[in-house]
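Visitor:
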Amino acid sequence: MSKGLPKRSEDYSLWYNELVKKADLAENSAVRGCMVIKPYGYSIWEKMQAELDRMFKETGHSNAYFPLFIPKSFLSKEASHVEGFAKECAVVTHYRLKNAEDGSGVIVDPEAKLEEELIVRPTSETVIWSTYKNWIQSYRDLPLLVNQWANVVRWEMRTRLFLRTTEFLWQEGHTAHATKKEAEAETLQMMNVYAQFAEDFMALPVVRGRKTESERFAGADDTLCIEAMMQDGKALQAGTSHYLGQNFAKAFDVKFATKEGGLEYVWGTSWGVSTRLMGALIMAHSDDNGLVLPPKLAPIQVVIIPIYRKDEEFDAISEKANELMAELRKVGVSVKYDNRDTHKPGFKFAEHELKGVPLRIAIGPRDLENGTIEIARRDTLTKEQFELASQPIAEKIADMLEEIQTSIYSKAFDFRTEMTTEVNSWDEFKSVLEEKTGFLSAHWDGTAETEEKIKDLTKATIRCIPLDRKEEDGVCVFSGKPSKGRVLFAKAY
Numbered sequence: 001m002s003k004g005l006p007k008r009s010e011d012y013s014l015w016y017n018e019l020v021k022k023a024d025l026a027e028n029s030a031v032r033g034c035m036v037i038k039p040y041g042y043s044i045w046e047k048m049q050a051e052l053d054r055m056f057k058e059t060g061h062s063n064a065y066f067p068l069f070i071p072k073s074f075l076s077k078e079a080s081h082v083e084g085f086a087k088e089c090a091v092v093t094h095y096r097l098k099n100a101e102d103g104s105g106v107i108v109d110p111e112a113k114l115e116e117e118l119i120v121r122p123t124s125e126t127v128i129w130s131t132y133k134n135w136i137q138s139y140r141d142l143p144l145l146v147n148q149w150a151n152v153v154r155w156e157m158r159t160r161l162f163l164r165t166t167e168f169l170w171q172e173g174h175t176a177h178a179t180k181k182e183a184e185a186e187t188l189q190m191m192n193v194y195a196q197f198a199e200d201f202m203a204l205p206v207v208r209g210r211k212t213e214s215e216r217f218a219g220a221d222d223t224l225c226i227e228a229m230m231q232d233g234k235a236l237q238a239g240t241s242h243y244l245g246q247n248f249a250k251a252f253d254v255k256f257a258t259k260e261g262g263l264e265y266v267w268g269t270s271w272g273v274s275t276r277l278m279g280a281l282i283m284a285h286s287d288d289n290g291l292v293l294p295p296k297l298a299p300i301q302v303v304i305i306p307i308y309r310k311d312e313e314f315d316a317i318s319e320k321a322n323e324l325m326a327e328l329r330k331v332g333v334s335v336k337y338d339n340r341d342t343h344k345p346g347f348k349f350a351e352h353e354l355k356g357v358p359l360r361i362a363i364g365p366r367d368l369e370n371g372t373i374e375i376a377r378r379d380t381l382t383k384e385q386f387e388l389a390s391q392p393i394a395e396k397i398a399d400m401l402e403e404i405q406t407s408i409y410s411k412a413f414d415f416r417t418e419m420t421t422e423v424n425s426w427d428e429f430k431s432v433l434e435e436k437t438g439f440l441s442a443h444w445d446g447t448a449e450t451e452e453k454i455k456d457l458t459k460a461t462i463r464c465i466p467l468d469r470k471e472e473d474g475v476c477v478f479s480g481k482p483s484k485g486r487v488l489f490a491k492a493y
């Protein structure tokens, strides 16, 4: 099998696009800007969903589902929210089609115009808070902790598979609380849930931070985020958690009776991650040979490939393969026996390497004689002969998968460290951004004006104000005005 992938060093963007397609993750659809997620790609997303859903439920959240369509008037109720999303909204104006009288095809029936246009949800705050007004009456109804798995539409002009598409899949949490303190704690908790998922399952080190006011979610009082570093030196926002204050509660008149007998507006949060995480997974770990998947999210953790010339050899190898699969499945390892007789072993090796299967076991007649198997690691492309009598196979494979998970994370962490540079002058800022890229840790004077000028001049944005940053006096790298601490700049997806 010829992978035919471009090299990352020569054309990173083309490498990414080709890898997504050749590894059978996704492809462009007939609808401009939208994608078809293929079974192998969707199986990775399902594993992400399962882990995140478990984590949400462990923190007390329940799933629900809200309408895809939002009355236009809802978006007008929270001024900053509608301003933030107005340019990305798809609008439904009619509810019926009919055949054209001239026989040219189907047309929109002009008589079927909606009294009020409907917005295809870009996010669900408005329709959910209009519902919460009916659900929340008293402090006894709080906190309300709800999540939904859904699709959303944001009309994008420039799209890229998984990273930015007109329609994408995500989850969005929406919670309501009796106090400001509870809502702020929820916002922080969910940002930390995302960070834990990224690091423990995606093997992706992230920076926990706060967005600047200009980068904040439309309608929020505060936005926390996790930021990751991709192999081309660009940052990627991997998840956000928003403290909404009482903004949506006031917009939709959501009040509750307090214990003391008063009436107050509730405090809200919203938070979400999307199929953009698939893009992060690909770009953070993969190489010129294809995907490199962390074992915890790999649909197939181990593939067994028979090497034989005679049918009787195949039968004996298959018996051993089935025995190994049974042992591995007992300990929860997902394993596939690739016994297709339509492809040669070399093709299968290349195919599973391209798809990022963490471990490959090859068994031939000589292995049966010697009581051995060959185990190949996808992350390091190294092989070893393993004697089956030396250690239980399930124990050996479990140890190797754990080692691969840790190794992939360590490699990404070391890369991020290498790609984080402290800069102290404007010339140094421009030089590092041009020659090295990555995260630039620099003092900023805290003004939106300076932030915008730096963005205009360099295309670098403030990715976040790190939550663990040291408060220290300094001077802004651009304006020379006083600064209270460093922030992280980067070019980003």
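Residue 256 in UniProt numbering is what sits at position 256 of the sequence shown, and the numbering runs on without skipping anything. Note that CB positions come from ideal geometry on N, CA and C, so glycine has one too.
Nearest-angstrom Cα distance between Leu144 and Glu351?
Guide: Looking at the two C-alpha atoms, the distance is approximately 47 Å.
Visitor: Would you say the region 264 to 279 touches the region 463 to 474, given that touching needs at least three Cβ pairs under 8 Å?
Guide: no
Visitor: To the nearest whole angstrom, what separates the beta carbons of Glu117 and Lys87, a pair I think is in contact under 8 Å?
Guide: At roughly 16 Å, the Cβ-Cβ gap does not stay under 8 Å, so Glu117 and Lys87 are not in contact.
Visitor: With a floor of 4 residues, list each alpha helix (DSSP H) that falls wholly inside the region 22 to 107, ordered by position along the chain.
Guide: 39 to 58, 72 to 75 and 79 to 85
Visitor: Please state the DSSP three-state secondary structure of Val207.
Guide: strand
Visitor: Roughly how many angstroms lie between the CA atoms of Glu125 and Cys225, to the nearest whole one?
Guide: 18 Å
Visitor: Where DSSP assigns a beta bridge to Val120, which residues make up the other side?
Guide: Phe69 and Ala90, per the DSSP bridge assignment.
Visitor: Have a look at Lys234 and Asp24 and give me their C-alpha separation to the nearest angstrom.
Guide: 25 Å
Visitor: If contacts are defined as beta-carbon pairs under 8 Å, then Val173 and Asn151 qualify, I think. What distance do you get, rounded to the angstrom?
Guide: The sequence shown places Gly at residue 173, not Val. Contact doesn't hold; Cβ gap of about 16 Å is too wide.
Visitor: Any idea which residues DSSP pairs Pro482 with across the strands?
Guide: Val475
Visitor: According to DSSP, is Gln405 helix, strand or coil?
Guide: helix
Visitor: Roughly how many whole angstroms lie between the Cα atoms of Ser43 and Gly356?
Guide: 13 Å
Visitor: Could you pull the start and end residues of the alpha helix (DSSP H) that Trp426 belongs to?
Guide: Trp426 to Glu435
Visitor: Just to confirm before moving on: does the CB-CB distance between Leu236 and Tyr493 stay below 7 Å?
Guide: Yes; because the gap between Cβ atoms is below 7 Å, this pair is in contact.
Visitor: Identify whether Thr420 lies in helix, strand or coil by the three-state DSSP scheme.
Guide: strand
Visitor: Among residues of its own chain, excluding the 5 on either side of Phe197, which ones have a beta-carbon nearer than 7 Å to its beta-carbon?
Guide: The beta carbon of Phe197 is closer than 7 Å to those of Glu51, Leu52 and Met55 in its chain, skipping five residues each way along the sequence.
Visitor: Would you tell me roughly how many angstroms separate the C-alpha atoms of Lys320 and Glu387, rounded to the nearest one?
Guide: 14 Å
Visitor: Go to Arg276, then tell me how far its alpha helix (DSSP H) extends in each direction, as first and last residue.
Guide: Arg276 to His285 is the extent of the alpha helix (DSSP H) around Arg276.
Visitor: Count the other C-beta atoms from every protein chain shown that fall within 10 angstroms of the C-beta of Arg121, then say buried if there are 16 or more, exposed otherwise.
Guide: The residue is buried, with at least 16 neighbouring Cβ atoms inside 10 Å.
Visitor: Rank Ser80, Tyr409 and Pro110 by C-alpha distance to the C-alpha of Met229 and give the top, closest one.
Guide: Tyr409
Visitor: Within 8 Å, do at least three Cβ pairs link the region 181 to 188 to the region 34 to 43?
Guide: Using a Cβ-Cβ distance cut-off of 8 Å, the region 34 to 43 and the region 181 to 188 are not in contact, since fewer than three pairs of beta carbons, one from each stretch, lie closer than that value.
Visitor: Would you call the region 242 to 258 in contact with the region 277 to 296, where contact means no fewer than 3 C-beta pairs closer than 8 Å?
Guide: no
Visitor: Around the Cβ of Pro67, are there at least 16 other Cβ atoms within 10 angstroms (buried) or fewer (exposed)?
Guide: exposed
Visitor: Along the beta strand (DSSP E) that carries Met229, what are the first and last residues, could you check?
Guide: Asp222 to Met229
Visitor: Between Leu204, Arg208 and Phe201, which lies nearest to residue 497 when the distance is taken from Cα to Cα?
Guide: Any answer about residue 497 is impossible in this case: the structure gives the chain only from 1 up to 493.
Visitor: Given that a residue counts as buried once 16 or more other Cβ atoms are within 10 Å of its Cβ, and exposed if not, what is Met419?
Guide: With a threshold of 16 other beta carbon atoms within 10 Å, Met419 meets it and is buried.
Visitor: Taking the alpha carbon of Leu142 as the point to measure from, which residue in Asp399, Ala176, Thr187 and Phe248 has its own alpha carbon closest?
Guide: Checked all of Asp399, Ala176, Thr187 and Phe248; the closest Cα to Leu142 is Ala176.
Visitor: Whose CA, out of His343, Thr461 and Glu384, lies closest to the CA of Glu374?
Guide: Glu384
Visitor: Buried or exposed for Ile107, please, with buried defined as at least 16 other CB atoms from any protein chain shown within 10 angstroms of its CB.
Guide: exposed
Visitor: Name the DSSP bridge partner or partners of Pro306?
Guide: According to DSSP, which records beta bridges pairwise, Pro306 is partnered with Ile363.
Visitor: If you draw a straight line from the alpha carbon of Arg154 to that of Ser29, how long is it in whole angstroms?
Guide: 16 Å
Visitor: Could you name the residues of the same chain whose beta carbon sits closer than 7 Å to that of Glu313, not counting the 5 residues immediately before and after it, in chain order?
Guide: Pro365
Visitor: Measure the C-alpha to C-alpha separation of Leu433 and Trp444 and round it to an integer number of angstroms.
Guide: 16 Å
Visitor: Just to confirm my understanding: we take Val333, look at its own chain, exclude 5 residues before and 5 after, and list those with CB closer than 8 Å. What are they?
Guide: Gln301, Val302, Ala394, Ile397, Ala398 and Leu401
Visitor: When the Cα atoms are used, what is the spatial distance from Lys113 to Phe162?
Guide: Lys113 and Phe162: Cα-Cα distance of roughly 34 Å.
Visitor: For Gln345, name the three-state secondary structure that DSSP assigns.
Guide: The residue you asked about is not Gln; residue 345 is Pro in the sequence shown. If DSSP states are grouped into helix, strand and coil, Pro345 belongs with the helices.
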